[in-house]
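Numbering (my numbering), first residue to last: 254 to 545.
Where is the CB? At the ideal position from N, CA and C, for every residue including glycine.
One structure is given here, and the rest of the page talks about it.
Written out as structure tokens, the structure is:
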């Protein structure tokens with residue numbers, strides 16, 4: 254099994270004149286990068302892919318999602334995924350960096366879009382017929398702009414992505430009604446919590462640490478995470494550590510002792526107990542049983 258690798262946008266585009274953006278027909282993307290992307294791997298950019306044909310499964314953070322016409326997927330930096338196809342896919346895929354929003358859309362925040370707010374929000378959506386038709390047209394406009402070299406092309410690409418994300422957010426919130434706008438005032442807390450966990454999970458795994466980082470009481474922070482995600486802060490921390498542990502275990506050149514130390518556990522025994530408590534299997538069994 255190939256180890257999960259972290260790819261950057263330049264890996265997929267050699268003639269870089271738009272280093273913060275990449276677009277391709279999915280079939281062409283797959284043909285060109287098949288050896289890279291069918292094994293578990295991660296990215297340091299945001300990814301959006303729309304399927305207009307094909308069947309299979311898209312595994313994101315070790316959870317499997319069905320691929321079929323109208324499926325659209327969203328991925329944040331740091332997530333691990335892989336593809337399996339039973340029917341040849343067609344569609345569109347684009348990547349972009351956070352810099353694209355920070356530099357060209359200073360009034361937009363990438364976490365304003367619900368599918369990028371939290372790792373716990375669903376990373377997929379099945380578009381209805383009219384939604385699919387409209388989205389295909391938008392992706393085609395984006396493709397045309399990507400392939401041209403006109404004045405302010407890069408800025409227009411950013412605006413087109415923003416429009417796509419706005420419409421997809423509306424479809425997303427219509428489908429996932431539990432993520433409605435009445436909870437918007439807490440969305441930023443969830444985003445900030447996950448940022449803090451991603452920076453500090455190796456050294457700090459207590460609820461108290463993250464509550465202090467956000468200037469909230471542990472009780473208040475727990476109320477917010479239960480309201481938005483239906484999970485305690487402790488569960489959110491543990492799930493993030495497990496995701497990182499699983500990705501590391503699939504790297505065949507890393508031993509469990511090294512992984513446990515890197516993740517901040519006092520001993521391999523402590524790590525193994527934590528892993529089994531949260532997954533139901535041992536780290537060794539996960540490595541043996543995991544199938545692409």
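_Please report the straight-line C-alpha distance between residue 527 and residue 413, rounded to a whole angstrom._
So the alpha carbons of these two residues sit roughly 44 Å apart.
_Boundaries (first-last residue) of the alpha helix (DSSP H) holding residue 536_ = Run containing residue 536: 536-542, per the alpha helix (DSSP H) assignment.
*Would you identify the three-state DSSP class for residue 278, choosing helix, strand or coil?*
Correct three-state label for residue 278: strand.
*Where do the ends of the alpha helix (DSSP H) carrying residue 478 lie?*
Residues 471-482.
*Element boundaries [alpha helix (DSSP H), containing residue 461]*: Annotation: the continuous alpha helix (DSSP H) that includes residue 461 extends over 460-466.
*In chain order, what residues of the same chain have a beta carbon less than 7 Å from the beta carbon of residue 424, not counting five sequence neighbours either side?*
378, 380 and 384
*Note down the Cα distance separating residue 529 from residue 495, rounded to an integer number of angstroms.*
If you take the alpha carbons of residue 529 and residue 495, they lie about 10 Å apart.
*Expressed to the nearest angstrom, what Euclidean distance is found between the alpha-carbon atoms of residue 402 and residue 410?*
11 Å
*Are the beta-carbon atoms of residue 405 and residue 349 separated by less than 8 Å?*
no
_For residue 299, report the span of its beta strand (DSSP E) as first-last._
299-313 is the extent of the beta strand (DSSP E) around residue 299.
*asked:* According to DSSP, simplified to helix, strand and coil, what is residue 289?
replied: In the structure shown, residue 289 sits in a helix (DSSP, three-state: H, G or I).
*Is DSSP giving residue 550 helix, strand or coil here?*
In this structure the chain extends from 254 to 545, so residue 550 is not present and cannot be described.
*Between 473, 416 and 427, which lies nearest to residue 446 when the distance is taken from Cα to Cα?*
473
*How big is the Cα-Cα spacing for residue 266 and residue 322?*
Because residue 266 carries a pLDDT of 41, less than 50, the predicted location of this residue cannot be relied on, and the following value inherits that uncertainty. Taking the straight line from one Cα to the other gives about 26 Å.
*Helix, strand or coil for residue 428 per DSSP?*
helix
_Could you tell me which whole alpha helix (DSSP H) segments of length 4 or greater appear in the region 349-428?_
351-357, 367-370, 382-400 and 406-428
_8 Å CB neighbourhood of residue 509 in its chain, flanking five on each side removed_ = 502, 521, 524, 525, 536 and 537
_Using only the alpha-carbon positions, how far apart do residue 268 and residue 400 sit?_
Note that residue 268 scores a pLDDT of 37, beneath 50, so its modelled location is shaky and nothing firm can be said.
_Per-residue burial, residue 264 [other beta carbons within 10 Å of its own, 16 or more giving buried]_ = Residue placement at residue 264 is flagged as unreliable, the pLDDT there being 47, under the threshold of 50; the coordinate-derived value follows with that caveat. Residue 264 comes out exposed.
_Taking the beta carbon of residue 360 as the centre, do at least 16 other beta carbons fall within 10 Å, making it buried, or is it exposed?_
exposed
*residue 324, enclosing alpha helix (DSSP H) - first and last residue*: Segment 324-328 is the beta strand (DSSP E) holding residue 324; no alpha helix (DSSP H) there.
*Leaving aside the five residues before and after residue 300 along the sequence, list all residues of the same chain whose C-beta is less than 6 Å from its C-beta, in chain order.*
In the same chain as residue 300, and ignoring 5 residues on each side of it, the C-beta atoms closer than 6 Å to its own belong to 328 and 348, in chain order.
_Nearest to residue 278 (by Cα), restricted to the options 397, 486 and 540_ = 397
*With 16 as the cutoff for other CB atoms within 10 Å, does residue 511 come out buried or exposed?*
exposed
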